[in-house]
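Participant: Residues in the sequence shown are numbered consecutively from 1, following our numbering. Cβ atoms here follow ideal geometry from the backbone N, Cα and C, with glycine treated the same way. Just passing along the structure, written as structure tokens.
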Amino acid sequence: MRTFESINIGEKAELVHVITEADLDQFVSLTGDNNRLHTDEDYARNTAFKKRVIHGMLGASFISAVIGTKLPGDGALWYAQSLDFLLPVRIGDTIRVVAEVVKKVSRLRTIELRTTIYNQDRQIVTSGTAKVKVVESRRANGERTTEESRKVALVIGGSGGIGRATCIQLARDGFAVAIHYHRNRKMAEETLAEVRALGQDGIVVSGDITDPTQVDELVWQAQRSLQTISVVVNCATARIPSINLKNLRWDDIQRSIDMEVRGAFNLQKSTVPSMEECGHGRLIFLTSHAIEKPNSEWLPYITGKSALHGFARSLAIALAPKGILVNLVSPGMTDTDLIADVPEKARLLTEAQTPLRRLARPDDVAGAISFLASDKSRFLTGETIRLNGGQVMI
């Protein structure tokens, strides 16, 4: 739940929705407004509109969703609204509802929001001003319930081998877990079942971490369900293609950089503000042993991981004064689906060259992540934990 003090002038929230026939039917059923301009195609054809238009208040009703769930969210008391309906909206249109804080009244604990609804052509279809009272819990400031003080982790790539093992280990450590997936929902749901079997709460979230809008949405879903995220673990990575230099294209490198660095940037952008409010947090990224023992045919992968290494260390310096720690885990070749395209000969050679004579396992990596997520690592930031079975010793 947001406090009045944590809300800033200029802060924005938004949602996007495609208007459907079902939306119109439900609005008519709820309100009884079956005006033929909205419900009868033949009638509308003989008007200046030529086609049915939805009720203006149907679109405006999504302002309530933005206020009640995003800005300010839980505890919002929406008590006044002005509206100007500027353009018609029809079934199939995509609306983007934006609320921006333009005024705060400390004496009344109220905020004023500029509310604007755009269509898919970026035209303003509805504009107005909302007034909202921020109703906070009667619980004294600083008094935290078990629910509010519990540990919450967001694991990106939680449906994969290392990600799945990490979710389960963090659940054993007492974390509620938001399990992210991009394509494999089935595996994410199975991981969620294991987290819940360990007695911890969880949620499945989805999105492309290279897209800031999708990251904002998945983080919002996780925080709304589980409260403030205290630990972010990014286990997502691209597959490791073996590409000879003469066949390499810049796009191959750019994809890796986008996944590793753009993804990490978007994640910190969405999660650090709430960590700052709490005065603590953990960001944990996966780099790779390959950046210290490079393979020429893994150039895109190694470039992306090397860039992530520099990004994380700089980020650690920037966030340390705010109580937020940033660290990396650098596994050697790990026995997961990610190495499916790595030739068997290369895997066997790696095992033979490893003093411990095996590849890393997902639970090995999860153990290191568990340490970095715990209070035992409270004086560690900007560091890399190497898990390579002794291949590289520093």
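1. Hey, how far is the Cα of residue 19 from the Cα of residue 58?
2. Helix, strand or coil: which one does DSSP assign to residue 192?
3. According to DSSP, is residue 114 helix, strand or coil?
4. If distances are taken between C-alpha atoms only, which option among 165, 249, 270, 211 comes closest to residue 232?
5. Taking buried to mean at least 16 other C-beta atoms within 10 Å of its own C-beta, is residue 300 buried or exposed?
6. Taking the alpha helix (DSSP H) that residue 245 falls in, what are its first and last residues?
7. Hey, could you find the ends of the beta strand (DSSP E) residue 78 is sitting in?
8. So within the region 269-348, which uninterrupted beta strand (DSSP E) runs reach at least 3 residues, ignoring any that extend past its ends?
9. Tell me where the alpha helix (DSSP H) around residue 37 begins and ends.
10. If residue 303 sits next to residue 369, beta carbons under 8 Å apart, how far is it from one beta carbon to the other, in whole angstroms?
11. With a Cβ-Cβ cutoff of 7 Å, do residue 158 and residue 191 count as a contact?
12. Between 90, 360, 127, 156, which lies nearest to residue 188 when the distance is taken from Cα to Cα?
13. How many angstroms separate the CA atom of residue 199 from the CA atom of residue 171?
14. Taking the straight line between their C-alpha atoms, what separation do you get for residue 7 and residue 13?
15. Taking 7 Å as the cut-off, decide whether the C-beta atoms of residue 203 and residue 275 are in contact.
16. For the alpha helix (DSSP H) that contains residue 202, what are its first and last residues?
17. Residue 386 to residue 216, Cα distance in whole Å?
18. Across which residues does DSSP place residue 124 in a beta bridge pair?
19. Compute the beta-carbon to beta-carbon distance between residue 382 and residue 360, rounded to the nearest angstrom, for a pair I have assumed lies under 8 Å.
20. Given this structure, state the Cα-to-Cα distance separating residue 384 from residue 129, to the nearest angstrom.
21. Since I believe residue 124 is in contact with residue 99 (beta carbons under 8 Å), could you give me their beta-carbon distance rounded to a whole number of angstroms?
22. In angstroms with no decimal places, state the Cα-to-Cα distance between residue 4 and residue 289.
23. Under 7 Å Cβ to Cβ from residue 226, same chain only, skipping five residues before and after it: list those, please.
24. Which same chain residues, not among the five before or five after residue 205, have their C-beta less than 6 Å away from its C-beta?
25. Going by C-alpha to C-alpha distance, which of 102, 35, 132 sits closest to residue 65?
26. To the nearest angstrom, how far is the alpha carbon of residue 376 from that of residue 173?
27. My assumption, with CB atoms under 8 Å, is that residue 285 sits in contact with residue 307. Please give the rounded CB distance.
28. For residue 2, name the three-state secondary structure that DSSP assigns.
Facilitator: For this structure:
1. Spanning the two alpha carbons is a distance of roughly 9 Å.
2. Three-state DSSP puts residue 192 in a helix.
3. In this structure, residue 114 counts as strand in the three-state DSSP scheme.
4. When only C-alpha atoms are compared, the closest one is 270.
5. It is buried - the Cβ of residue 300 has at least 16 other Cβ atoms within 10 Å.
6. DSSP places residue 245 outside any alpha helix (DSSP H), giving it a letter other than H or E.
7. Its beta strand (DSSP E) spans residues 76-85.
8. If we require 3 residues or more, the beta strand (DSSP E) runs fully inside the region 269-348 come out as 281-286, 324-331.
9. Secondary structure note for residue 37: its alpha helix (DSSP H) is the uninterrupted segment 36-39.
10. With a Cβ gap of about 24 Å, residue 303 and residue 369 do not count as contacting.
11. Between residue 158 and residue 191, the gap from beta carbon to beta carbon is short of 7 Å.
12. Nearest option by C-alpha distance: 156.
13. Residue 199 and residue 171: Cα-Cα distance of roughly 8 Å.
14. Rounded to whole angstroms, the gap between the alpha carbons of residue 7 and residue 13 is 11 Å.
15. No; because the gap between Cβ atoms is not below 7 Å, this pair is not in contact.
16. Here residue 202 belongs to no alpha helix (DSSP H); instead the beta strand (DSSP E) covers 202-206.
17. In a straight line, the C-alpha of residue 386 is about 31 Å away from that of residue 216.
18. Residue 124 pairs with 118.
19. The Cβ separation is near 23 Å, so there is no contact.
20. Looking at the two C-alpha atoms, the distance is approximately 49 Å.
21. Contact check for residue 99 and residue 124: beta-carbon distance about 14 Å, past the 8 Å limit, so the pair fails to qualify.
22. Spanning the alpha carbons of residue 4 and residue 289 requires a straight line of approximately 46 Å.
23. Closer than 7 Å at the Cβ level, and outside the excluded window around residue 226, lie 152, 176, 178, 201, 203.
24. Excluding sequence neighbours, residue 205 sits near 178, 180, 218, 221, 222.
25. Per the C-alpha coordinates, the member of 102, 35, 132 positioned closest to residue 65 is 132.
26. So the two alpha carbons sit approximately 12 Å from each other.
27. Not really, about 11 Å apart at Cβ, beyond 8 Å.
28. Coil.
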